[in-house]
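In what follows, a single structure is set out as structure tokens and then discussed.
2 protein chains.
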Amino acid sequence: MATPQLTVDCVVFGLDEADQLKVLLIQRKLEPFAGAWALPGGFVHLDESLDVAARRELQEETGVETHFLEQLYTFGTVDRDPRGRVVTVAYYALVNLRDHTVQAATDARDARWFAVSHLPPLAFDHGAIAQYGLQRLRAKIRYEPIGFELLPPKFTLSQLQRLYEVILGAEIDKRNFRKRILKMDLLQPLDEKQTGVAHRAAQLYRFQPERYRQLQRSGFSFEV
Amino acid sequence: MATPQLTVDCVVFGLDEADQLKVLLIQRKLEPFAGAWALPGGFVHLDESLDVAARRELQEETGVETHFLEQLYTFGTVDRDPRGRVVTVAYYALVNLRDHTVQAATDARDARWFAVSHLPPLAFDHGAIAQYGLQRLRAKIRYEPIGFELLPPKFTLSQLQRLYEVILGAEIDKRNFRKRILKMDLLQPLDEKQTGVAHRAAQLYRFQPERYRQLQRSGFSFEV
DNA sequence: TCAAAAGTGTTGACGGTACACCCATGT
DNA sequence: ACATGGGTGTACCGTCAACACTTTTGA
């Protein structure tokens, strides 16, 4: 029996040096939509699971590897691909952009980071998929500690706060934010401070995933 | 290029007369898993979107039509179907079971309601899918007014409270529950009372979806 | 010495939780 | 008259939001 073809697509988010939220796009070489920007993705092979396919396509098309990859939604309207019936399982990923900037910028495959607020027109229904991913990110960052995936392993509380402010689009009170976050006991203060800044150096912290899982089991729920 | 075949499956929830949470299953006629219980579902046609396919399969296999149908997750491990590579887009649905009891029970296709706490062994990975659906229902019922989909159009506050107690698995204080729910201004008290009960007749209410959408736009968020 | 961000406590308002008794109805 | 669930108000406590000044560092 004939059923639709199946692809995966990835909405990859990163924070740039200026704390701006970015999405990773590739420029299509082939028709349809040759020359247009699109989400990285492609057909699912018969011998790989969906998330393996998503990671493979992301690696092949952009060189990016990510720790955090989660299924977003499956898009399956009849006319979303002019080549015929293609259903796509969309994923979203969070990466520490500093690790990837150079690779993506110099990449022969022409992958680039775009500010979420200034995405170019996208191929297929990828514009809608990206918006959906952003919506999910905004919702999920409030009740799961996934923001840390966008930061380097060692970060300051101000970096974390700016991350929340950018993604949620709202200012947050510094003292209250610090109290809330530190009270959760999820961050480990390191024996290091920020260096090379023209002001008082900030304490560096590390997120403790093990601690989070432990707290989760005892009924704790993350809330920002 | 060969890609996986695509099916849809539905986890349909209903509340029975004794306020027990039930799931609708069908008994398979064909191999693989002939004779085993399974979620209603089947292959996606080339000319129908995913949610249309889900509704069609549900209707064909059980006679049930539902107002509330939402995508759950797409399951795509390589070995989940012995026939070959099959990816399934799972949906969950909520129905007012009283409307469907007779149909399903007398249905030639052998569809039956099972208590969520006593599901038989299911075909494929349908057991895991059903559990995932239950988890989603438990989470979502707290922050979106979807519980009403499980009740008749006219219901009492006690019915609603029992619904929450059964699904969340916790007792709720009657006075606080009523205050919270009524304060939201989502329920319309009707000019009718419960009849035929051996105690004081309860006020009947109707959920106002229009009102909810209106409140949503002004930033209101449902919380129970 | 100046600029720029780090760091730190208290108070008041509000919302949530705990809790017990009388009422209406059918048998 | 009795059994069964329907319906109602208050007081306390804890949590969250608002808010401003001192400290450290490099230029």
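Protein sequence lines correspond, in order, to chains A and B.
Just so we're aligned: the first sequence equals residues 1 to 224 in this note's numbering.
Just so we're aligned: the second sequence equals residues 1001 to 1224 in this note's numbering.
We put the beta carbon where it would ideally sit given N, CA and C, even for glycine.
- Counting along the chain, I172/A sits inside no alpha helix (DSSP H), nor does DSSP assign it H or E at all.
- Nearest neighbour of V197/A by Cα position, chosen from T156/A, V8/A, F220/A and A115/A, turns out to be T156/A.
- Counting C-beta pairs with one atom in each stretch, the segment 50-62 of chain A and the segment 138-149 of chain A have fewer than three that are closer than 8 Å, which means they do not touch.
- DSSP lists G41/A and A90/A as the bridge partner or partners of D9/A.
- Beyond the five residues adjoining it in sequence on each side, V1166/B comes within less than 8 Å, by CB distance, of L1015, D1019, Q1020 and L1021 in the same chain, given in chain order.
- Rounded to the nearest whole angstrom, the C-alpha separation of H45/A and H1126/B is 23 Å.
- Assignment of E61/A by DSSP, reduced to helix, strand and coil, places it in the helix class.
- When secondary structure is reduced to three states using DSSP, E1070/B falls in the strand class.
- DSSP places R112/A within a strand segment (E or B) once states are collapsed to three.
- When the five nearest sequence neighbours on each side are left out, the beta carbons in the same chain lying within less than 7 Å of the beta carbon of Y73/A are those of A90 and Y132, in order along the chain.
- Neighbours of Q1027/B in chain A, taken as residues whose beta carbon is under 7 Å from its own, are absent, since the nearest beta carbon is some 22 Å off.
- The alpha-carbon separation between I26/A and Q161/A amounts to approximately 30 Å.
- Within the segment 1008-1028 of chain B, no residue places its CB atom closer than 7 Å to a CB of chain A.
- Exclusion of the five residues before and after I1141/B leaves G1147, Y1164, I1167, L1168 and V1224 as the residues of its chain whose Cβ lies within less than 8 Å of its Cβ.
- Residue pairing by DSSP places R206/A opposite Q188/A in a beta bridge.
- In terms of CA proximity to V1087/B, T7/A leads the group L187/A, D173/A and T7/A.
- Secondary structure of F1148/B (DSSP, three-state): helix.
- With a threshold of 8 Å between beta carbons, E1048/B makes contact with chain A.
- Excluding five sequence positions before and after A1036/B, the CB atoms of its chain that fall closer than 6 Å to its own CB belong to R1028 and A1123, given in chain order.
- G76/A carries a coil assignment under DSSP once its states are collapsed to helix, strand and coil.
- Q216/A carries a helical assignment under DSSP once its states are collapsed to helix, strand and coil.
- With a threshold of 16 other beta carbon atoms within 10 Å, T195/A falls short and is exposed.
- Secondary structure at V1095/B: strand, using DSSP grouped into helix, strand and coil.
- V1064/B has a beta carbon lying at 8 Å or more from every beta carbon in chain A.
- For K1022/B, there is no enclosing alpha helix (DSSP H); the enclosing beta strand (DSSP E) covers residues L1021 to Q1027.
- A distance of 8 Å or more separates the beta carbons of F33/A and T1003/B.
- At a cut-off of 8 Å, the C-beta of T77/A has a neighbouring C-beta in chain B.
- By the C-beta density criterion, Q1216/B is exposed, having fewer than 16 other C-beta atoms within 10 angstroms.
- Neighbours of R1213/B in chain A, taken as residues at a C-beta separation under 7 Å, are lacking, since the least C-beta distance is about 17 Å.
- Residue burial is scored here from C-beta neighbours: N96/A has at least 16 other C-beta atoms within 10 angstroms and is therefore classed as buried.
- Here DSSP, grouped into helix, strand and coil, assigns G1127/B to helix.
- Flagged as an interface residue toward chain A: L1006/B, by a C-beta distance shorter than 8 Å.
- Annotated three-state conformation of G1133/B is helix, per DSSP.
- For A1201/B, the CB contacts under 6 Å within the same chain, skipping 5 residues up- and downstream, are K1193 and Q1194 in chain order.
- The beta carbon of P153/A is closer than 7 Å to those of R206 in its chain, skipping five residues each way along the sequence.
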